[in-house]
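Visitor: In UniProt numbering, the protein residues as written are 1 to 291. We treat Cβ as the ideally placed atom computed from N, Cα and C, and that holds for glycine. Quick caveat, the model's predicted, so the values are computed rather than measured.
#1: Where does the unbroken alpha helix (DSSP H) through residue 273 begin, and where does it stop?
#2: Whole angstroms is fine: what's the gap from residue 292's alpha carbon to residue 76's?
#3: Have a look at residue 247 and residue 253 and give me their C-alpha separation to the nearest angstrom.
#4: Return the Cβ separation of residue 293 and residue 110 in integer angstroms, given the expectation that the two are a contact with Cβ distance under 8 Å.
#5: Need the endpoints of the beta strand (DSSP E) that residue 53 sits in, please.
#6: Quick check: the Cα distance between residue 70 and residue 269, rounded to an integer number of angstroms?
#7: Could you check where the alpha helix (DSSP H) with residue 163 kicks off and where it finishes?
#8: Answer with buried or exposed for residue 66, where buried requires no fewer than 16 other C-beta atoms within 10 angstroms of its C-beta.
#9: Going by CA-CA distance only, name the one from 138, 216 and 235 that's closest to residue 183.
#10: Should residue 191 go down as buried or exposed, given a rule of 16 or more other Cβ atoms within 10 Å for buried?
#11: Classify residue 2: buried if its beta carbon has 16 or more other beta carbons within 10 angstroms, exposed otherwise.
#12: What residue range is occupied by the uninterrupted beta strand (DSSP E) comprising residue 354?
#13: Check the C-beta distance from residue 209 over to residue 227 and give it rounded, since I have them as a contact under 8 Å.
#14: May I ask you to report which of helix, strand or coil DSSP gives residue 191?
#15: Answer yes if the segment 92–104 comes into contact with the segment 39–50, meaning at least three C-beta pairs across the two stretches below 8 Å, and no otherwise.
#16: Tell me, which residues are paired with residue 29 by DSSP?
#17: Could you tell me the alpha carbon to alpha carbon distance between residue 162 and residue 23, rounded to whole angstroms?
#18: Is there contact here, the segment 83–92 with the segment 56–65, by at least three beta-carbon pairs under 8 Å?
#19: From residue 153 to residue 33, what does the alpha carbon distance come to, in whole angstroms?
#20: Excluding the 5 residues preceding and the 5 following residue 104 in the sequence, name in chain order all residues of the same chain whose CB lies nearer than 7 Å to its CB.
#21: Under three-state DSSP, which class holds residue 90?
#22: I believe residue 51 touches residue 88 by the beta-carbon criterion, under 8 Å. Please report the beta-carbon distance rounded to the nearest angstrom.
#23: Since residue 233 and residue 195 should fall inside the 8 Å C-beta cutoff, what is the C-beta to C-beta distance between them, to a whole number of angstroms?
#24: When the Cα atoms are used, what is the spatial distance from residue 124 to residue 83?
#25: Determine the closest residue to residue 218 out of 193, 241 and 263, with distance taken between C-alpha atoms.
#26: Keeping to the same chain, check which residues put their C-beta closer than 6 Å to that of residue 186; ignore five residues upstream and five downstream.
#27: In chain order, what residues of the same chain have a beta carbon less than 7 Å from the beta carbon of residue 250, not counting five sequence neighbours either side?
#28: Could you give the distance in angstroms between the alpha-carbon of residue 169 and the alpha-carbon of residue 137?
#29: If contacts are defined as beta-carbon pairs under 8 Å, then residue 278 and residue 243 qualify, I think. What distance do you get, rounded to the angstrom?
#30: Any idea what DSSP makes of residue 66, helix, strand or coil?
#31: Could you give the residue range of the beta strand (DSSP E) that holds residue 144?
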């Protein structure tokens, strides 16, 4: 017997899961235009704590060199490409000495820095051909128009368009984890169809109880299958991830000036003492010193 067609029975279709919004709503990112135009010769970008980069190679060819966990990596680019360095990474552009490639670039400020779950999930360099990401055209047209002309609010608007561009690229990375180099962490979990349901629920409602049984039920999996799949994709246990997610949110809220007791209550800790204990165990310092 075939399952009933919801379009005929009137049953509502399951609501689609928004895998990115709960993260970006809680861990903000800010972009600021810092350069547009040709880059000739050698250009060095130092690894500065708290500074990430989003470069758009608009035209031309070049070689980019950066340090990864596996040593020095050189990448030759021959088509318009987006280059995302989500964490501080020393990188070098080697361009033609004359009539070099054309760029539009922004610095990124991820809330929480290298503790940001998006930053932790991404490779040192995410290089994506612009043609590979569906729907980038209108965003890029607006971005280049604002970056290339000096008008009222153009730099502010360009920064916002870079943020839109980042969301579009992260959406692509979730749908193409192998191509994007997302092999572990939050984004890898969100790339898994079943794990994404549990993670998205936790991300949206972190103050609720999230024992293993409930997370597995959200994913439609058995406890053992869920725990194994979670550890393989995310790289940690569900319980450790729940604690890390809450502690990361707590750090963000404390930086905003919220009281420890209030934050503990909002995020499902039994009290300020439990939150402080979690910080000391995980980071070796009190909540106030950690932020």
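Guide: Working from what's here:
#1: Translated into the one-based positions of the chain shown, residue 273 becomes position 273. 272–283 is the span of the alpha helix (DSSP H), which, as asked, contains residue 273.
#2: Outside the shown range of the chain, which is 1 to 291, sits residue 292, and nothing can be said about it.
#3: Translated into the one-based positions of the chain shown, residue 247 becomes position 247. Translated into the one-based positions of the chain shown, residue 253 becomes position 253. Answer to the nearest angstrom: the Cα atoms are 10 Å apart.
#4: Residue 293 lies beyond the residue range present for the chain, which begins at 1 and ends at 291; the question has no answer from this structure.
#5: By one-based count along the chain shown, residue 53 stands at place 53. Residues 52–59.
#6: Reading the chain shown from its first residue, position 70 is the one you call residue 70. Reading the chain shown from its first residue, position 269 is the one you call residue 269. When rounded, the distance between both Cα atoms is 39 Å.
#7: As a first step, residue 163 is located in the chain shown; it is residue number 163 there, counting from the start. Run containing residue 163: 154–175, per the alpha helix (DSSP H) assignment.
#8: Here the question's residue 66 lines up with position 66 in the chain shown. Using a 10 angstroms sphere on the CB of residue 66, the tally of other CB atoms reaches 16 or more, which defines it as buried.
#9: Here the question's residue 183 lines up with position 183 in the chain shown. Checked all of 138, 216 and 235; the closest Cα to residue 183 is 235.
#10: Locating residue 191 in the chain shown gives position 191, where the first residue counts as 1. The residue in question, residue 191, is buried, as its Cβ has 16 or more Cβ neighbours within 10 Å.
#11: Within the chain shown, numbered from 1, the residue matching residue 2 stands at position 2. Legend: pLDDT at residue 2 = 48, less than 50; position of this residue unreliable, value from coordinates given subsequently. So residue 2 counts as exposed.
#12: The displayed coordinates of the chain run from 1 to 291. Any statement about residue 354 would go beyond what the structure contains.
#13: Locating residue 209 in the chain shown gives position 209, counting from the first residue. Locating residue 227 in the chain shown gives position 227, counting from the first residue. Between residue 227 and residue 209 the Cβ distance is about 17 Å, and since that is not below 8 Å, they are no contact.
#14: The count along the chain shown starts at 1 and reaches residue 191 at position 191. The answer is helix: DSSP assigns residue 191 an H, G or I state.
#15: yes
#16: By 1-based counting over the chain shown, the position of residue 29 is 29. DSSP lists 110 as partners of residue 29.
#17: The sequence position of residue 162 within the chain shown is 162, counting from 1. The sequence position of residue 23 within the chain shown is 23, counting from 1. Cα to Cα, the separation comes out at about 18 Å.
#18: yes
#19: Residue numbering aside, residue 153 sits at position 153 when the chain shown is read from its first letter. Residue numbering aside, residue 33 sits at position 33 when the chain shown is read from its first letter. Taking the straight line from one Cα to the other gives about 12 Å.
#20: Your numbering for residue 104 matches position 104 in the chain shown. Around residue 104: 36, 56, 58, 143, 144 and 147.
#21: For the purposes of this step, residue 90 is identified with residue 90 of the chain shown, where counting begins at 1. In the structure shown, residue 90 sits in coil (DSSP, three-state: anything other than H, G, I, E or B).
#22: Here residue 51 corresponds to residue number 51 of the chain shown, with the count starting at 1. Here residue 88 corresponds to residue number 88 of the chain shown, with the count starting at 1. Sure, about 6 Å apart at Cβ, within 8 Å.
#23: Position 233 of the chain shown, counting from 1, holds the residue named residue 233. Position 195 of the chain shown, counting from 1, holds the residue named residue 195. With a Cβ gap of about 6 Å, residue 233 and residue 195 count as contacting.
#24: Taking the first residue of the chain shown as position 1, residue 124 is located at position 124. Taking the first residue of the chain shown as position 1, residue 83 is located at position 83. Rounded to whole angstroms, residue 124 to residue 83 spans 10 Å at the Cα level.
#25: Counted from its first residue, the chain shown places residue 218 at position 218. Comparing Cα-Cα distances from residue 218 to each of 193, 241 and 263, the minimum goes to 193.
#26: Position 186 of the chain shown, counting from 1, holds the residue named residue 186. Around residue 186: 117 and 121.
#27: The residue you call residue 250 lines up with position 250 of the chain shown. So the qualifying residues of the chain are 263, 267, 275 and 287.
#28: Within the chain shown, numbered from 1, the residue matching residue 169 stands at position 169. Within the chain shown, numbered from 1, the residue matching residue 137 stands at position 137. Taking the straight line from one Cα to the other gives about 12 Å.
#29: As a first step, residue 278 is located in the chain shown; it is residue number 278 there, counting from the start. As a first step, residue 243 is located in the chain shown; it is residue number 243 there, counting from the start. Confirmed, about 6 Å.
#30: For the purposes of this step, residue 66 is taken as residue 66 along the chain shown, with counting starting at 1. Strand at residue 66.
#31: Taking the first residue of the chain shown as 1, we reach residue 144 at position 144. Premise fails: residue 144 lies in the alpha helix (DSSP H), 136–148, not in any beta strand (DSSP E).
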